[in-house]
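Residue numbers (full-length UniProt numbering): 1 to 279.
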């Protein structure tokens, strides 16, 4: 039986991925920082008569990471698939965002992913097999207005995994990045909007931009659609490095890579911006 560890499973993509793997018969370890928030996953598991182990894991706490991995290895002797899903968003301008808030976003998205991956690698390397699947974002490839901290963290994740991938292939371990665009999850509503409401000279610009993005996210993919891609990647014999989860995101990614000047991307990301009326 395949053993899967997933971080950030209290809602959204992580929850959907835990259910999707369990439906395939995998032994799923669904983790989250606060297991008091596990009721939606427990209810969905019971409804479908699935078996999922729910454990506390804080990606910022090395001891909790090592405890979960030790538990899996003690019970099963191996960890086949790691899904790095835990993340934190933040909307705001770099001028108004404190270094502390930026560090928090980086700590969860980048250093959290680093720590969990680092802890999982020895067992996979020694086994000569494994999958490390990390939830990135189109924001890890293309910078987005007012998402400076989040995009910086996701760009760092992309660089980390792209660097790790060729090395681990020599040990039989495959590294893949999942790159969705807009996804209809609770994550979208928890991205620091209270801070964004105090954007000073950027107020009108940010309000208009976020209003437009609300419509984009309302028409986005579901968590279940992204989870389906994750499971497909896990089942491939020779998975590739990057997977965009929709045709639109694949097209946008292609436009970035064929234009070394970056201007075609700025034309797209800047199209939703309006100059403040005071200027």
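Built from N, CA and C at the ideal position, the CB exists for glycine as well.
> DSSP on residue 325, reduced to helix/strand/coil?
Replying inline: Look at the range of the chain in this structure, 1 to 279, and you will see that residue 325 is not part of it.
>> Can you tell me whether residue 120 is buried or exposed? The criterion is at least 16 other CB atoms within 10 Å of its CB, across all chains shown.
In response: buried
> Sorted by chain position, which residues of the same chain lie with C-beta nearer than 8 Å to residue 241's C-beta, five sequence neighbours on each side aside?
Replying inline: 161, 162, 165, 175, 176 and 177
>> Can you tell me which residues form a DSSP beta bridge with residue 84?
In response: 134
>> Less than 8 Å between the C-beta atoms of residue 64 and residue 73, yes or no?
In response: no
> CA-CA distance, residue 146 and residue 258?
Replying inline: 25 Å
> Exposed or buried, which one is residue 154 when buried takes at least 16 other CB atoms within 10 Å?
Replying inline: buried
>> Could you tell me the alpha carbon to alpha carbon distance between residue 7 and residue 229, rounded to whole angstroms?
In response: 17 Å
> Which whole-angstrom value describes the C-beta separation of residue 79 and residue 44, a residue pair presumed to lie in contact below a C-beta threshold of 8 Å?
Replying inline: Not quite, the Cβ-Cβ distance comes to about 24 Å (not below 8 Å), so this is no contact.
> For residue 33, which of helix, strand or coil comes out of DSSP?
Replying inline: coil
>> If you reduce the DSSP assignment to three classes, tell me which class residue 10 lands in.
In response: coil
> Taking C-alpha atoms, which residue in 144, 129, 204 and 67 lies nearest to residue 269?
Replying inline: 144
> Does the distance from the C-beta atom of residue 180 to that of residue 221 stay below 8 Å?
Replying inline: yes
> How far does the alpha helix (DSSP H) with residue 157 in it reach, from first residue to last?
Replying inline: 148-169
>> Here's the rule: buried if 16 or more other CB atoms are within 10 angstroms of the residue's CB, otherwise exposed. What is residue 182?
In response: buried
> Helix, strand or coil for residue 72 per DSSP?
Replying inline: helix
> Along the chain, where does the alpha helix (DSSP H) that runs through residue 244 open and close?
Replying inline: Looking at the DSSP string, residue 244 is not in any alpha helix (DSSP H); the run it does join, the beta strand (DSSP E), is 242-244.
>> One question on the structure: do residue 108 and residue 59 come within less than 8 Å of each other, judged by their Cβ atoms?
In response: yes
> Grouping DSSP H, G and I as helix and E and B as strand, with all else coil, what is residue 92?
Replying inline: strand
>> Which same chain residues end up closer than 6 Å to residue 216 when comparing Cβ atoms and leaving out the 5 residues on each side of it in sequence?
In response: 182
> residue 55 and residue 23 look like a contact to me (Cβ under 8 Å); what is the Cβ gap, rounded to whole Å?
Replying inline: With a Cβ gap of about 20 Å, residue 55 and residue 23 do not count as contacting.
> Can you tell me whether DSSP reads residue 1 as helix, strand or coil?
Replying inline: coil
> What first and last residue would you give for the beta strand (DSSP E) that runs through residue 176?
Replying inline: 173-179
> In three-state DSSP terms, what is residue 201?
Replying inline: helix
> Rounded to whole angstroms, how far is the Cβ of residue 11 from the Cβ of residue 185, which I believe are closer than 8 Å?
Replying inline: 7 Å
> With burial defined as no fewer than 16 other Cβ atoms inside 10 Å of the residue's Cβ, what is the status of residue 237: buried or exposed?
Replying inline: exposed
>> Below 7 Å, is the gap between the Cβ of residue 178 and the nearest heavy atom of the ligand FAD?
In response: Among the components of this structure there are no ligands whatsoever, and the ligand FAD is therefore not found.
> How far does the beta strand (DSSP E) with residue 284 in it reach, from first residue to last?
Replying inline: Residue 284 cannot be examined here, being either before or after the span of the chain that is shown, 1 to 279.
>> Classify residue 251: buried if its beta carbon has 16 or more other beta carbons within 10 angstroms, exposed otherwise.
In response: exposed
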